[in-house]
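Enquirer:
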Amino acid sequence: SPIDRNQLCCLGSNKIDFSIVGMQFCPENDRHLVIWGTAEASIIVLSKKCDRVEKKIDLVIELEPHECDSEYLLKCDWLPSSEIHVAVFCGTFVKVFDARRSTTSAAASASGSASGATASDRC
């Protein structure tokens with residue numbers, strides 16, 4: 053029989069500064085969680101007991117202000133066999149982030165022929 057929500061115990065919670073539209077645990081490390089909204093994304097690293105947030109890494113997407121009406125974040129995905137690389141998919145570009153690096157740079161990005169740009173560059 054299904055579990056009633058009153059039977060569940062909340063281990064912990066954390067404030068997120070945007071409305072969450074999607075989330076995905078890392079297949080390689082179940083303590084890593086990527087969450088995203090329509091224009092923001094973050095990697096959450098949970099404690100070993102998964103009862104609190106150890107670290108929050110904001111991924112800098114930087115949609116152009118004039119694009120905010122038409123461009124938005126579609127999805128985030130962990131790269132295969134990786135617990136540190138996340139691909140961020142928007143309507144006209146993809147950025148790949150390395151969680152070990154500074155939160156202000158993308159490992160690579162692509163939009164047409166652009167590649168190797170930082171997150172602060174327009175893709």
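So for the sequence shown, the numbering used here puts the first residue at 53; every next one is plus one. Even glycine gets a Cβ: it sits at the ideal position worked out from N, Cα and C.
1. Alpha carbon to alpha carbon, how far is C142 from L98?
2. Just mark L60 as buried or exposed, buried being the case when its beta carbon has 16 or more other beta carbons within 10 Å.
3. Quick one: residues in its chain with C-beta nearer than 8 Å to the C-beta of E123, no 5 flanking neighbours on either side, listed in chain order?
4. Cα separation between I95 and C62?
5. What are the boundary residues of the beta strand (DSSP E) that includes S142?
6. Taking just the CA atoms, how far does H84 sit from S134?
7. Is L111 closer than 8 Å to V140 when the C-beta atoms are compared?
Expert: Inspection of the coordinates gives the following:
1. Approximately 26 Å between the Cα atoms of the pair.
2. By the neighbour-count definition (other C-beta atoms within 10 Å, threshold 16), L60 is an exposed residue.
3. Only L115, E116, C142, G143 and T144 meet the Cβ criterion.
4. Going by the C-alpha atoms only, they are around 20 Å apart.
5. Position check: residue 142 holds Cys in this sequence, whereas Ser was assumed. Start and end: H137 to C142.
6. For S134 and H84, the distance between alpha carbons rounds to 11 Å.
7. Contact: yes.
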